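Quick note on my numbering: the sequence shown kicks off at 114 and runs consecutively.
A virtual CB, placed ideally from N, CA and C, is assigned to each residue, including glycine.
In this text, all values refer to a predicted model and were calculated from it rather than measured experimentally.
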Amino acid sequence: MAELLSPQAKAQINQIATNLEADTKAELAVVTVPTTDPAFSPKAFATELFNIWGIGKADQDNGLLILVSRDERRVEIEIRTRNS
114 MAELLSPQAK AQINQIATNL EADTKAELAV VTVPTTDPAF SPKAFATELF NIWGIGKADQ
174 DNGLLILVSR DERRVEIEIR TRNS
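Take a look at the structure:
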C-alpha cells in the first residue's frame, strides 16, 4: 500500500464503506499502491485484485474497487456486474 492517504482520510473512507454496505449491501474497497507490477497495467492489476479479493456478491451488482496507482498517475475503477 502506498501511503497516499492521511489517517483521517482512511477513517473517512472506512466509514463511507461501512455506511454504504449497511445502507445498500454494496462492498467498497479503496486501494493505493506506489506502482503496479511491470507485468500488469493498472487496469489489469485492479481487475486481478478485484477478482482475487472477491469484492461484491457474485449474484448481485454490489462490488466496487477503486485503485490509485501513484507512479502511473492512474485511477482504475472495477465494478461487479451480473455479467462479470
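Between A139 and N175, the gap from beta carbon to beta carbon is short of 9 Å. In this chain, the alpha helix (DSSP H) harbouring A157 covers 155-166. Its Cα nearest to that of L162, the residue E189 stands out among E189, T137, D136, D172.
A straight line joining the alpha-carbon of E185 with that of T160 spans about 16 Å.
Exclusion of the five residues before and after F153 leaves E161 as the residues of its chain whose Cβ lies within less than 8 Å of its Cβ.
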